[in-house]
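Asker:
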Amino acid sequence: MAQVFEIPEILCIICEKARRSDLARLLTTSRLFFNCAVPPVWRSLPDSAPAILIKLLPNAEIYLRPELNRMLLIAILDSLKPLDGKSLTRFNLYAPYVKRLVRYPRNELSNVLWDRLLKLVDARPILPNLEVLKTSLAEPYYGLTEEPTLFISPYLSPTLTELDDVRKAHELVVSVSLLLSMRRIAQECPRVRSLKLANVKTSGYPVLSPACADDLANSLGRLRNLRVLGIGTTVSEPKVLEALGNLPHLELLTLTEIGAAADWTFSTATLPKYLDVSLPPGSFPALQHIGIIPHISSPPVIRIWSLTALVQRLTSISVRINESVTQAQLGGFVRSICECSPLVTALYLDCSGSSDRDCVTLLSPQIIETLAQLPLQCLWLCGKETHDEDRCESEQFALAFPRMEYLRVRGYYFTFKDLSFIAKHMPQLQQLSVRVEMDTHWPSRGELSRLALTPSPSQLYLHLRIFYPLEHQQIEQIGLEIRHGLPNRIVEAMAACLHALWPNGVICETDRRPDKYGRVSWTHNVNAALQRLRELEVDGHSDQTVFMPRKYLRNRVSPLFHRF
152 MAQVFEIPEI
162 LCIICEKARR
172 SDLARLLTTS
182 RLFFNCAVPP
192 VWRSLPDSAP
202 AILIKLLPNA
212 EIYLRPELNR
222 MLLIAILDSL
232 KPLDGKSLTR
242 FNLYAPYVKR
252 LVRYPRNELS
262 NVLWDRLLKL
272 VDARPILPNL
282 EVLKTSLAEP
292 YYGLTEEPTL
302 FISPYLSPTL
312 TELDDVRKAH
322 ELVVSVSLLL
332 SMRRIAQECP
342 RVRSLKLANV
352 KTSGYPVLSP
362 ACADDLANSL
372 GRLRNLRVLG
382 IGTTVSEPKV
392 LEALGNLPHL
402 ELLTLTEIGA
412 AADWTFSTAT
422 LPKYLDVSLP
432 PGSFPALQHI
442 GIIPHISSPP
452 VIRIWSLTAL
462 VQRLTSISVR
472 INESVTQAQL
482 GGFVRSICEC
492 SPLVTALYLD
502 CSGSSDRDCV
512 TLLSPQIIET
522 LAQLPLQCLW
532 LCGKETHDED
542 RCESEQFALA
552 FPRMEYLRVR
562 GYYFTFKDLS
572 FIAKHMPQLQ
582 QLSVRVEMDT
592 HWPSRGELSR
602 LALTPSPSQL
612 YLHLRIFYPL
622 EHQQIEQIGL
632 EIRHGLPNRI
642 VEAMAACLHA
652 LWPNGVICET
662 DRRPDKYGRV
672 SWTHNVNAAL
682 QRLRELEVDG
692 HSDQTVFMPR
702 KYLRNRVSPL
712 FHRF
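Below you can see the structure in the form of structure tokens.
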């Protein structure tokens, strides 16, 4: 009978689960182990990829010298010649296994090493089986190659399926560079499924010229396998939208609306107040999610929510508002979403980036009443707490979302009363993320027995953040989050209250690691108290379903909200 480690299929499964550092140390154990371990070891390369790849070449130490003087860099680069096939034996052995690459254009040392490697290895694409490339077209490149098209072209291959931006901030890229890059991607990467360059803003004019719009629409129209697309304001072009509407598999689209302004011009014509776009009824047949930065304070150039073919079948929407808006404008925008996209079950609405002087609230009675028209199961609201805001009643908020499974509210404080109505009226809730103030009253066990609470039938993962109140005596602590050191009486009271509301299981989660002194989060103490309460209630019965904390933070957030 063959030993387990002599069966290639089993050995490959083991290698997929093991740490890459352990696999790398064991590569020379046997030929069979080498063949099974090399793919997971080399599948993904970090930002230090050029140094790792250069070490596969003879005399690697010469090319790894960290000389950053520009004149010397140019001299060294000009002196480099492509290596022959014999010198590239090790490189050609491992390069085909690389499937994922991250390149940060602002890493100057990495750029220098990439320039040298691309001169020494003249094969294109340099990584023939690359599937995922994370970089940026918008950032300035501080190496010797300034053109974004030339910057990404050595990595473009027919196997590439995902090209993503690596930065959050919006950066400018000239329209010509964007068009050339998109044309090159359409030619060399026909299988690309995800193209997320949503942070790109074209410099110069707010909209593309007709010729540029035609060019971009033609390039995007050739990407028939595209599922995910985000290229910023350039989507807000009639011809581009029409081309995207014909893509059979496009599921997710992120865009930025352009506001109409009389002083914006391109060519010799004045930009109109808005552009009329007519989409055929069958446009966007597979589109389910839109991520949008809307223009609410003045009419947008293209009124996205008037395009029925674009928004009527959406099931998920992400909105980030970065401008000053009034409560009436915000309410009108939310009404447009509910009227034009009645099938939405997941909504992300972020107003935290609006001006501090804006007195708007996402928890107003009117907005909550409007959102209640949607069959929401996932809701993420991000706003700012103000003392004079008109906030809806606790029970009205909970009654509005009877199907809710995932709820996250940032910027607003909740109380025990709010949590009791959430437990009562959201029976399917599985994940909850809210914040409370330190002085929130948690009823004692004796007080709980006198309250008419309706416990929830669900099990709950609770991400609870506790802050010092705005009226705190110590000015320096106002608004600060409490991460550890809760008094035992509060810990015991919180555990008793949470157990009474979710008796089938509730676990407090945190994304905070122990600090440098080794102090763990207060959630550890609350969970220990909850465990003691469950043990007392079960009284030794072993048939109760075990409810355990989740190990990885990525499993705690709805994947829909990662896409914007």
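Using the working numbering, you'd call the opening residue of the sequence shown number 152 and step up by one each time.
The beta carbon of each residue, even a glycine, is placed where N, CA and C say it ideally should be.
Is residue 394 close to chain D? Criterion is C-beta to C-beta, closer than 8 Å.
Answerer: No chain D appears in this structure, which consists of one protein chain only.
Asker: Which value, in whole angstroms, describes the spacing of the CA atoms of residue 685 and residue 586?
Answerer: Residue 685 sits at position 534 when you count from the first residue of the sequence shown. Residue 586 sits at position 435 when you count from the first residue of the sequence shown. Between residue 685 and residue 586, the C-alpha separation is close to 25 Å.
Asker: Using 8 Å as the threshold, is the C-beta distance between residue 194 and residue 248 below it?
Answerer: As a first step, residue 194 must be located in the sequence shown, where it is residue number 43. As a first step, residue 248 must be located in the sequence shown, where it is residue number 97. In contact: residue 194 and residue 248 (Cβ atoms closer than 8 Å).
Asker: Determine the DSSP secondary structure at residue 653, reduced to helix, strand or coil.
Answerer: In the sequence shown, counting from the first residue as 1, residue 653 sits at position 502. Residue 653: coil per DSSP, three-state reduction.
Asker: In terms of residues, what are the limits of the alpha helix (DSSP H) holding residue 462?
Answerer: If you number the sequence shown from 1, residue 462 lands on position 311. Residue 462 -> alpha helix (DSSP H) spans 459 to 462.
Asker: Please go through the same chain and pick out, in chain order, the residues whose beta-carbon is closer than 6 Å to the beta-carbon of residue 175, but skip the five residues on each side of it.
Answerer: Position 24 of the sequence shown, counted from the first residue, corresponds to residue 175. Answer for residue 175: 192, listed in chain order.
Asker: Who are the near neighbours of residue 573 in its chain, counting only those whose CB is closer than 6 Å to its CB and skipping five residues on each side?
Answerer: Position 422 of the sequence shown holds residue 573. Taken in chain order, the residues that qualify are 549.
Asker: Can the beta-carbon of residue 566 be found less than 8 Å from the beta-carbon of residue 591?
Answerer: Within the sequence shown, residue 566 is the residue found at index 415, counting from 1. Within the sequence shown, residue 591 is the residue found at index 440, counting from 1. Yes, these two residues count as a Cβ contact at 8 Å.
Asker: In three-state terms, what does DSSP make of residue 368?
Answerer: By 1-based counting over the sequence shown, the position of residue 368 is 217. Residue state, collapsed to three classes: helix.
Asker: Using the DSSP secondary-structure output, state which residues sit across from residue 582 in a beta bridge.
Answerer: In the sequence shown, the residue the question calls residue 582 occupies position 431. Paired residue(s): 557 and 612.
Asker: Would you report the Cα separation of residue 710 and residue 216, rounded to the nearest angstrom?
Answerer: For the purposes of this step, residue 710 is taken as residue 559 along the sequence shown, with counting starting at 1. For the purposes of this step, residue 216 is taken as residue 65 along the sequence shown, with counting starting at 1. Note that residue 710 scores 44 on pLDDT, short of 50, meaning its location in the model is unreliable; the coordinates nonetheless yield the value given after this. If I take the Cα positions, the gap works out to 42 Å.
Asker: Considering just the uninterrupted stretch of the alpha helix (DSSP H) at residue 272, what are its terminal residues?
Answerer: Locating residue 272 in the sequence shown gives position 121, where the first residue counts as 1. Segment: none, residue 272 is in no alpha helix (DSSP H) and carries neither H nor E.
Asker: Helix, strand or coil: which one does DSSP assign to residue 130?
Answerer: Residue 130 cannot be examined here, being either before or after the span of the chain that is shown, 152 to 715.
Asker: Using only the alpha-carbon positions, how far apart do residue 682 and residue 472 sit?
Answerer: For this step, residue 682 is matched to residue 531 along the sequence shown. For this step, residue 472 is matched to residue 321 along the sequence shown. About 41 Å.
Asker: In chain order, what residues of the same chain lie with their CB nearer than 7 Å to the CB of residue 712, ignoring the 5 residues before and after it?
Answerer: Residue mapping note: residue 712 aligns to position 561 of the sequence shown, counting from 1. Note that residue 712 scores 47 on pLDDT, short of 50, meaning its location in the model is unreliable; the coordinates nonetheless yield the value given after this. Cβ neighbours of residue 712 beyond the five flanking positions: 469, 499 and 531.
Asker: So is residue 338 buried or exposed if we call it buried at 16+ other beta carbons inside 10 Å?
Answerer: The sequence position of residue 338 within the sequence shown is 187, counting from 1. Flag for residue 338 reads exposed.
Asker: Just list the residues that DSSP pairs residue 187 with in beta bridges.
Answerer: As a first step, residue 187 must be located in the sequence shown, where it is residue number 36. DSSP, once it has assigned bridges, lists no residue as partnering residue 187.
Asker: Please return the same chain residues whose Cβ sits closer than 6 Å to the Cβ of residue 655, not counting the five positions on each side in sequence.
Answerer: Translated into the one-based positions of the sequence shown, residue 655 becomes position 504. Cβ within range, chain order: 610.
Asker: So what's residue 106 in DSSP terms, helix, strand or just coil?
Answerer: Examination of residue 106 is not possible in this model, given that the chain is present from 152 through 715 alone.
Asker: Quick check on residue 535: buried or exposed, where buried means 16 or more other Cβ atoms within 10 Å of its Cβ?
Answerer: Along the sequence shown, read from residue 1 onward, the residue named residue 535 stands at position 384. Per the 10 Å Cβ criterion, buried.
Asker: Since residue 404 sits in a beta bridge, which residues does DSSP pair it with?
Answerer: Here residue 404 refers to the residue found at position 253 of the sequence shown. Partner(s): 380 and 441.
Asker: Beta carbon of residue 648, beta carbon of residue 677: below 8 Å?
Answerer: Reading the sequence shown from its first residue, position 497 is the one you call residue 648. Reading the sequence shown from its first residue, position 526 is the one you call residue 677. It is not a contact, given that the beta carbons lie outside the stated cut-off.
Asker: So, at 8 Å on beta carbons, what are the nonlocal neighbours of residue 296 in its own chain, with the 5 sequence-adjacent residues on each side left out?
Answerer: As a working note, residue 296 is residue 145 in the sequence shown. Residue placement at residue 296 cannot be trusted, given a pLDDT of 48 that sits under 50; the coordinates are not used to answer.
Asker: Pull up the DSSP beta-bridge partners for residue 658, would you.
Answerer: The residue you call residue 658 lines up with position 507 of the sequence shown. Paired residue(s): 612.
Asker: For residue 453 versus residue 485, is the C-beta spacing smaller than 8 Å?
Answerer: Within the sequence shown, the letter at position 302 stands for residue 453. Within the sequence shown, the letter at position 334 stands for residue 485. Cβ distance not < 8 Å, so residue 453 and residue 485 don't count as in contact.
Asker: Under a Cβ-count criterion, where at least 16 other Cβ atoms within 10 Å of its own Cβ denotes burial, should residue 568 be classed as buried or exposed?
Answerer: For the purposes of this step, residue 568 is taken as the residue at position 417 of the sequence shown. Exposed, because fewer than 16 other Cβ atoms sit within 10 Å of the Cβ of residue 568.
Asker: Please determine, among 382, 644 and 533, the residue with the shortest C-alpha to C-alpha distance to residue 562.
Answerer: For the purposes of this step, residue 562 is taken as residue 411 along the sequence shown, with counting starting at 1. Considering only alpha carbons, the answer is 533.
Asker: Comparing alpha-carbon positions, which option in 619, 650 and 640 lies nearest residue 632?
Answerer: Position 481 of the sequence shown, counted from the first residue, corresponds to residue 632. The candidate whose alpha carbon is nearest that of residue 632 is 619.
Asker: To the nearest whole angstrom, what separates the beta carbons of residue 401 and residue 377, a pair I think is in contact under 8 Å?
Answerer: In the sequence shown, residue 401 corresponds to position 250, counting from 1. In the sequence shown, residue 377 corresponds to position 226, counting from 1. That pair is a contact at about 6 Å.
Asker: Select from 512, 653, 673 and 495 the residue whose C-alpha is nearest the C-alpha of residue 636.
Answerer: Within the sequence shown, the letter at position 485 stands for residue 636. Of the listed residues, the one whose Cα sits closest to residue 636 is 673.
Asker: What ranges does the beta strand (DSSP E) occupy inside the segment 487 to 530, keeping only unbroken runs of at least 3 residues that lie completely in it?
Answerer: Correct list: 497 to 501.
Asker: Ignore the nearest five residues each way along the sequence and tell me which others in residue 277's own chain have a CB closer than 6 Å to its CB.
Answerer: Within the sequence shown, residue 277 is the residue found at index 126, counting from 1. Here the set comprises 305.
Asker: At the level of alpha carbons, what is the spacing between residue 364 and residue 372?
Answerer: In the sequence shown, counting from the first residue as 1, residue 364 sits at position 213. In the sequence shown, counting from the first residue as 1, residue 372 sits at position 221. Distance between the alpha carbons of residue 364 and residue 372: 12 Å.
Asker: Cα separation between residue 184 and residue 246?
Answerer: Position 33 of the sequence shown, counted from the start, is the residue given in the question as residue 184. Position 95 of the sequence shown, counted from the start, is the residue given in the question as residue 246. Going by the C-alpha atoms only, they are around 19 Å apart.
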